[in-house]
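Note sheet for the following structure.
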Amino acid sequence: MTKYELLSGNEAIARGAYEAGVKVAAAYPGTPSTEILENISQYERIHAQWSPNEKVAMEVAVGASIAGARSLASMKHVGVNVAADPLLTFSYTGVGGGMVLVSADDPAMHSSQNEQDNRYYGLLAKIPVLEPGDSAEAKAFTKKAYEISETFDTPVILRTTTRVNHSKGLVALEEPADIVVKDYEKNPPKYVMTPANAVGRHKVVEERRLALTEFAGATELNRIEKGSGDAGRIGFITAGISYQYLKEILPEASFLKLGLLWPLNEKLIKDFAASVDQVIVVEELEPVLETQIKAMGVCCRGKDITPRQGELSEEVLRTVLAEAGLPVPVAAAVQSEYASGQKLPMRPPILCPGCSHRGMFYTLKAMNLHVSGDIGCYALGSAPPFGCLDTTVCMGASITGAFGMELARGDEFAEKCVAVIGDSTFFHSGITGLIDIVYNQGRSTIIVLDNSITAMTGHQDNPGSGKDIRGMASPAIDIAKLAESIGIRRIRVVDPFDLKTCREVLKEELAAPEVSVIIARRPCALHIRLKNPPFYVDQEKCIGCKACLKLGCPAISVTEGKAKIDPLVCVGCGLCPRVCPTKAIKAASQKAAEEAKTNE
Amino acid sequence: MSKNASILIAGVGGQGTVLASKILGLVATKAGLDVKQSEIHGMSQRGGSVVTHVRFGEKVYSPLVAKGTADIIMAFEELEALRYLPYLKKDGLMIVNQQQMLPMPVITGAAQYPEGPVEEMTGRGIRVKAINASAIGREKGDARAANVVLLGILANELSFPKEYWTEALEESLKPKLLAMNLAAFKAGQEI
C-alpha cells in the first residue's frame with residue numbers, strides 16, 4: 011500500500027531530491043527555502059552542506075553536475091541574484107548529471123526585502139522553469155526536473171512561492187532511485203566558456219529552446235481541465251498556488267494548468283484559447299505568462315484584473331473576478347460576519363527576550379549614531395524603541411554602504427556612523443566589502459554582531475559556528491583573525507551586554523582615522539535556550555522612569571507608574587538591571603521566583 | 017464529510033501554534049481525509065502575530081482559510097482572537113486562551129491593548145469557549161502545554177476517534193514531554 015505523509019512543500023522537495031538520486035546539495039539559508047536543505051541533510055546518502063552564500067552553493071552544485079552527479083542548490087528569491095552569475099553561463103555549458111536550482115520566491119514579503127518574480131530568470135537564462143502548486147507536485151516536479159535537465163542538457167529552475175514552501179499536503183512516498191554518477195570526460199568545448207566556445211554553446215542553447223518549446227506542448231506538466239456549463243466557457247491559464255484558489259472559487263471553469271512555465275507552447279495555448287469564450291491569465295506578481303501569451307496574438311485578460319503586488323488569495327480573487335464581471339456572485343465574495351469594534355494594536359516581530367543584539371542597539375540609540383544595516387534578526391533594530399537603522403538593502407551592504415556614505419559625506423559623518431552585520435552575513439558577503447575599505451583606505455567602523463549562528467532563518471550553522479549542517483564538528487573561522495589577516499589593525503572584541511565598555515570602545519573606534527572592526531560577541535539566547543530565573547522589579551525602589559523600556563524587551567512593561575517583568579517571558583539575561591538608575595531590578599532568588607509563580 | 021472543515025490557529029510567535037496545527041493535521045490524515053495546512057516561518061516567529069490554517073475534507077485545494085469561513089478559531093492569546101475574528105464564519109466557534117501578551121506598541125505606549133476581548137466577543141453573541149489554558153498547563157507541569165490543553169477542547173468539537181489524537185501526540189512530542197502533554201490534553205477534554 012502506498013504510504014502518504016503530510017509534508018510541507020520544502021519537505022516534499024527534499025524527498026523528491028532523495029527519490030531522484032541526488033548526490034550533492036548545497037544552500038545558503040533564506041526564508042522560505044531553508045527547510046529544503048535541512049530536510050535533505052536527513053538523508054545520509056546525500057552530501058548536504060550550508061555554503062557561505064548562494065553563488066558558492068550554486069557553483070558547488072554546478073561542479074558536481076559537470077562531474078556527473080545529480081545536484082541541487084536551493085535559495086530564496088534574492089539569493090538567485092547572488093547566484094545569477096554562474097546560473098546564466100551554466101545555461102550555456104549544460105549539465106553532466108541533472109541540476110536543479112530551487113528558487114523560493116516570497117510574494118507579500120513575509121520575510122524578505124523585495125518581492126521580485128524569479129520566473130523572469132527562466133526567460134533571462136533560457137532554462138526551463140517548473141512551478142508546483144502543492145506538496146504532491148513539489149515532490150513530483152522535483153523528480154521531473156531532473157529528467158528534463160538530463161534530457162535537454164540544461165539546468166532547471168524549480169520556482170516555488172512561500173505558500174507552497176510552507177504549506178503542507180499529502181504526498182505519496184516512493185522508492186528512491188540509486189545514486190548514479192555518470193562517466194566523466196574532459197570536454198572543453200562544452201565546459202570552458204571562453205568566447206570562442208561560448209559562441210558555439212549559445213547556438214546549442216537556442217536549439218534547446220526550440221526543443222523545449224515542443225516538449226511544452228506534450229508534457230503532462232501542463233494539463234487542460236475541460237469545464238462544464240456556462241462557467242466552462244471561461245478559460246483560466248494559471249499555475250502554482252493561484253490554481254488552488256481558482257479551484258475553490260470556480261471549479262467548473264476550464265483550466266490550462268501550467269507546470270512548465272517557460273518555455274510556453276504556442277499551439278497548446280492557442281488550442282485552449284479557441285476552446286473557450288474568454289481567456290484569463292491568473293498569476294501572482296508580474297505578468298510573465300500574460301505578456302508571452304499576448305505576444306502570441308492571443309486575446310486575454312490578466313493584470314487588468316489581478317494585482318501586481320502581494321499574494322493572491324481566495325478573498326482577493328473572488329473580489330477582483332466579481333468586479334471584472336465574472337460569474338462570481340458579489341454576495342459569495344468572501345465576507346466577514348464578525349470584526350472587533352476596537353482599534354487593534356499591531357504585533358510586529360521584535361528582538362527576543364535575552365537577545366544578544368539588544369545591548370548594542372541600546373548603545374547605538376543612546377549615542378545617536380547613523381547605522382548602515384544588513385539582513386538578519388538585527389534588521390529588527392529598525393523597530394521602536396530603537397529605530398536605529400538608516401539603511402537595509404541586501405546581504406553585505408552594511409559594510410560597503412557605510413564606506414560609500416563616508417566617501418560621500420566625509421570624516422565628520424564617518425565619526426557618527428557604524429555598520430552592523432551578523433556573523434553569517436559577514437561570511438556571506440561582508441568580507442569583500444571589508445577588503446574594499448582596507449584597499450581603498452577608508453575609516454569606517456564595522457560592528458560584527460556575532461551570535462555564532464544564522465538566527466533569523468531558524469538557527470543554521472555557518473562557517474563561524476564550528477559545526478556543519480548535520481551538527482558535526484567543523485573548523486570555526488575566526489572573524490578577528492580574518493580581519494587581522496587582511497591588514498586591519500583596530501580589532502576589538504566586546505560583550506554587547508557590557509554597556510559601559512561598548513560605549514567606550516565605540517567612541518574610540520569612531521574617532522580613529524582608520525578602519526575598525528568591533529566584534530560584539532554573545533550567543534543567540536533562543537538558540538542556546540537561555541532560561542535563567544526571571545528578574546523582578548522591587549516596587550518600592552522603582553520610580554517609574556521607564557529607562558528599562560528603552561531596551562524594547564517584551565518582558566518589561568510599565569503599569570500604574572511602576573515597571574513590571576513578566577516572569578513567563580523573562581529569560582533572566584540580566585541586561586535590564588544595568589540600565590535601572592535606582593537598582594530596582596533584581597535577580598530573583600529561588601524563593602522570589604516561587605512567590606511570583608503562586609501570585610499569578 | 018461533504019464539506020471541508022476550516023480551522024484557524026492564531027497566537028504569538030513561540031506559543032506553539034505550529035505544533036498544534038501539526039498535531040491536528042496528523043489526526044485528519046489518520047482519518048483518511050485530504051489535508052492542507054499553511055504556516056509562515058521566518059521573521060514572523062520573532063514574537064510577532066502568527067496564524068496557521070488547517071483545512072481537511074474529501075478534496076482540499078487551497079491551504080488557506082478564507083475570511084468568514086473558519087468553522088473554529090483557536091486563539092492562544094486574547095488580542096490575537098480579536099485580530100483573526102473576521103475569519104470566523106457565522107455561528108462558528110471561538111476557542112480562546114485567557115492570556116494577554118502586550119505587543120511592543122502597547123509596551124511603548126504607542127497603542128492601547130483592547131478592552132475585554134472575551135467580553136466583546138460574547139457580548140456580540142459569538143460562541144466563545146474562554147479558558148485559562150496556561151494555568152491548566154502549569155498545573156500539569158508546564159504553562160507552555162497550553163497549546164495541548166486547547167487541542168483537548170478542540171478534540172471535543174471534532175468527531176475524530178480519541179486514539180488518533182493520542183497517536184498524533186505520541187508522534188509529535190519528545191518522549192520525556194509526552195506524559196505531561198497527555199495529561200494537559202485530557203484536562204482540556206474534561207473542560
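Protein sequences, first through last, are from chains A and B. So the number in the working numbering is just where the residue sits in the first sequence, counting from 1, plus 10. So the number in the working numbering is just where the residue sits in the second sequence, counting from 1, plus 16. C-beta atoms are modelled at their ideal positions from N, C-alpha and C, and glycine is treated no differently. These numbers were taken from a predicted model, which means no experiment stands behind them.
| message | If contact is defined by three or more beta carbon pairs under 8 Å, each pair taking one atom from either stretch, is the region 243-260 of chain A in contact with the region 285-296 of chain A? | response | yes
| Which of the residues in the region 97-116 of chain B, read from start to end, lie with their CB under 7 Å from any CB of chain A? | Leu98, Arg99, Leu101, Pro102, Leu104, Lys105 and Lys106
| said: I'd like to know if Arg357/A contacts chain B, where contact means its C-beta is closer than 8 Å to some C-beta of that chain. | reply: yes
| said: Could you give the first and the last residue of the continuous beta strand (DSSP E) run that contains Glu333/A? | reply: That residue, Glu333/A, is in no beta strand (DSSP E); its alpha helix (DSSP H) goes Glu324 to Glu333.
| query | In whole angstroms, what is the alpha-carbon distance linking Glu258/A and Lys541/A? | reply | 46 Å
| said: Quick check: the region 116-127 of chain B against the region 97-105 of chain B, are at least 3 beta-carbon pairs closer than 8 Å? | reply: no
| task | Determine the extent of the beta strand (DSSP E) in which Gly78/A is found, giving its start and end residues. | result | Element bounds for Gly78/A: n/a, residue is neither H nor E.
| query | Can you check whether the CB of Glu160/A is closer than 8 Å to the CB of Val105/A? | reply | yes
| Are any of the Cβ atoms in chain B nearer than 8 Å to that of Gln600/A? | Any reading at Gln600/A is ruled out, since the residue's pLDDT is 48, under 50, leaving its predicted position unreliable.
| task | Could you pull out every residue in the same chain whose Cβ sits closer than 8 Å to the Cβ of Lys551/A, ignoring the five residues on either side in sequence? | result | Thr592, Lys593 and Ala594
| said: Quick check on Met196/B - is its C-beta less than 8 Å from some C-beta in chain A? | reply: no
| message | Here's the rule: buried if 16 or more other CB atoms are within 10 angstroms of the residue's CB, otherwise exposed. What is Pro363/A? | response | buried
| request: Tell me, please, whether the CB atom of Lys83/B is closer than 8 Å to any CB atom in chain A? | output: yes
| message | Give me, in chain order, the residues of the same chain whose beta-carbon lies closer than 6 Å to that of Phe246/A; leave out the 5 immediate sequence neighbours on both sides. | response | Leu256, Ala263, Phe265, Ile290 and Val292
| For a contact meaning CB atoms closer than 7 Å, what does Lys257/A contact in chain B? | Tyr77
| query | What are the boundary residues of the beta strand (DSSP E) that includes Arg143/B? | reply | Arg143 to Ile147
| Limits of the unbroken alpha helix (DSSP H) element including His87/A | His87 to Thr103
| Expressed to the nearest angstrom, what Euclidean distance is found between the alpha-carbon atoms of Gly73/A and Asp576/A? | 53 Å
| query | Between Gly391/A and Leu399/A, is the Cβ-Cβ spacing less than 8 Å? | reply | yes
| said: List, in chain order, every chain A residue whose beta-carbon is nearer than 8 Å to that of Gly29/B. | reply: Pro359
| With 16 as the cutoff for other CB atoms within 10 Å, does Thr204/A come out buried or exposed? | exposed
| N-terminal and C-terminal residue of the beta strand (DSSP E) that Lys178/A is part of | Ser177 to Leu183
| query | With Val191/A and Gly26/A assumed to form a contact (beta carbons below 8 Å), what rounded beta-carbon distance in angstroms separates them? | reply | Their Cβ separation, rounded to whole angstroms, is 19 Å, which puts Val191/A and Gly26/A out of contact at 8 Å.
| query | With a CB to CB cut of under 6 Å and the five nearest residues on each side skipped, what residues in its chain are close to Arg502/A? | reply | Val515 and Ile528
| What is the rounded straight-line gap between the Cα of Gly153/B and the Cα of Pro506/A? | 35 Å
| Expressed to the nearest angstrom, what Euclidean distance is found between the alpha-carbon atoms of Ala227/A and Glu217/A? | Before going on, a small fix: residue 227/A reads as Gly here, not Ala. Gly227/A and Glu217/A: Cα-Cα distance of roughly 16 Å.
| Rounded straight-line distance, which links the Cα of Arg539/A to that of Ala597/A | 19 Å
| message | With a threshold of 8 Å between beta carbons, is Gln352/A in contact with chain B? | response | yes
| Bridge partner(s) assigned by DSSP for Gln115/A | Here residue 115/A turns out to be Asp, not Gln, going by the sequence shown. BP columns for Asp115/A point to Thr171/A.
| Near Tyr53/A, what residues of its chain come up, given a Cβ to Cβ distance below 6 Å and the 5 sequence neighbours on each side ignored? | Tyr28
| query | Between which two residues does the beta strand (DSSP E) harbouring His367/A extend? | reply | Segment His367 to Ala376 is the alpha helix (DSSP H) holding His367/A; no beta strand (DSSP E) there.
| said: Check whether chain A comes within 8 Å of Tyr180/B, counting only Cβ atoms and requiring the distance to be less than that. | reply: no
| said: Restricting to Cα atoms, I'd like to know which of Met109/A, Gln549/A and Gly497/A is closest to Glu570/A. | reply: Gln549/A
| Which of helix, strand or coil does DSSP assign to Glu624/A? | Look at the range of chain A in this structure, 11 to 610, and you will see that residue 624/A is not part of it.
| Taking Cβ positions, are Ile360/A and Ala412/A nearer each other than 8 Å? | no
| field | Neighbourhood of Leu231/A by C-beta, 6 Å cutoff - its chain only, sequence neighbours within 5 removed | value | Gly269 and Leu270
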